[in-house]
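Chains as they are written, first to last, in the numbering used here: chain R, 1 to 111; chain U, 112 to 223.
Written as structure tokens, this is what we have:
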């Protein structure tokens, strides 16, 4: 399993862009990078997944450099409702439905 | 499309009792996974069921068990409850073609 390092917490203000970087130095060739968001007392919600370069959807962008040893989740113009814990997961998409969550990054958005 | 539903949402039990939690996956999803979330240990994988068969199992004692029915609904059971079993129990479902999981709201279990 890839060892994952991400900041424990981050603070931001409404309207700013937030970038959360995840380090995964020993990522394997077949590993994908996935981000989930979790609000208090709710289950995690899938945000975005990527393998290399850049992926964008209606919620976020995911930037993955060529060496794939890190990745950055970018949330454009955050609002108070983006206050949550963000988990970076790295794993092979083999059909194993056994996700390994780390400690996550607690994002606090201030008005 | 309705999301993953879990019942009950809250449960209070005492040590030594047993408990059964229920999960209904998103229509068409045949894989159901269970997770335990505690402040100390975070989110930990319990087990996964697919087509009524347990396909993966996490590192939990045998007191934790589960099953899946032919309609993909799943139950998990915890016997001989301990104080440390107090947690948010999350169920997630997914399609066979992807490991993206859709989580339910969870069942908050408190063991007194």
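Backbone N, C-alpha and C fix where the C-beta goes; we use that ideal spot for every residue, glycine too. Quick caveat: nothing in here was measured; it's all calculated off a predicted structure.
So what does DSSP say about residue i, is it helix, strand or coil?
{"i": "residue 192 of chain U", "result": "coil"}
{"i": "residue 116 of chain U", "result": "strand"}
{"i": "residue 161 of chain U", "result": "strand"}
{"i": "residue 155 of chain U", "result": "strand"}
{"i": "residue 126 of chain U", "result": "coil"}
{"i": "residue 28 of chain R", "result": "coil"}
{"i": "residue 170 of chain U", "result": "coil"}
{"i": "residue 206 of chain U", "result": "coil"}
Can you list, in chain order, the residues of its chain with a C-beta nearer than 7 Å to that of residue i? Leave out the 5 residues immediately preceding and following it.
{"i": "residue 128 of chain U", "result": "192"}
{"i": "residue 90 of chain R", "result": "2, 4, 24, 27, 31, 33"}
{"i": "residue 147 of chain U", "result": "155, 157, 198, 200"}
{"i": "residue 168 of chain U", "result": "158"}
{"i": "residue 123 of chain U", "result": "221, 223"}
Hey, how far is the Cα of residue i from the Cα of residue j?
{"i": "residue 216 of chain U", "j": "residue 157 of chain U", "result": "16 Å"}
{"i": "residue 166 of chain U", "j": "residue 160 of chain U", "result": "6 Å"}
{"i": "residue 199 of chain U", "j": "residue 189 of chain U", "result": "13 Å"}
{"i": "residue 49 of chain R", "j": "residue 209 of chain U", "result": "11 Å"}
{"i": "residue 63 of chain R", "j": "residue 179 of chain U", "result": "38 Å"}
{"i": "residue 52 of chain R", "j": "residue 10 of chain R", "result": "25 Å"}
{"i": "residue 20 of chain R", "j": "residue 164 of chain U", "result": "38 Å"}
{"i": "residue 101 of chain R", "j": "residue 152 of chain U", "result": "10 Å"}
{"i": "residue 58 of chain R", "j": "residue 103 of chain R", "result": "25 Å"}
{"i": "residue 220 of chain U", "j": "residue 67 of chain R", "result": "43 Å"}
{"i": "residue 61 of chain R", "j": "residue 105 of chain R", "result": "16 Å"}
{"i": "residue 7 of chain R", "j": "residue 88 of chain R", "result": "10 Å"}
{"i": "residue 69 of chain R", "j": "residue 18 of chain R", "result": "20 Å"}
{"i": "residue 77 of chain R", "j": "residue 211 of chain U", "result": "25 Å"}
{"i": "residue 141 of chain U", "j": "residue 204 of chain U", "result": "7 Å"}
{"i": "residue 110 of chain R", "j": "residue 13 of chain R", "result": "5 Å"}
Please return the same chain residues whose Cβ sits closer than 6 Å to the Cβ of residue i, not counting the five positions on each side in sequence.
{"i": "residue 187 of chain U", "result": "132, 145, 177"}
{"i": "residue 37 of chain R", "result": "45, 47, 84, 86"}
{"i": "residue 121 of chain U", "result": "219"}
Using DSSP bridges, identify the partner residues of residue i.
{"i": "residue 177 of chain U", "result": "U/187"}
{"i": "residue 198 of chain U", "result": "U/220"}
{"i": "residue 137 of chain U", "result": "Residue 137 of chain U is not bridged to any residue."}
{"i": "residue 19 of chain R", "result": "R/74"}
{"i": "residue 149 of chain U", "result": "U/153"}
Tell me which same chain residues have a C-beta within less than 8 Å of the C-beta of residue i, skipping the five on either side of it?
{"i": "residue 139 of chain U", "result": "206"}
{"i": "residue 130 of chain U", "result": "122, 124, 188, 189, 192, 220"}
* **Start-end ranges of the beta strand (DSSP E) lying completely within the stretch 34 to 109 of chain R, minimum 3 residues** => 45 to 50, 53 to 56, 61 to 64, 70 to 75, 84 to 92
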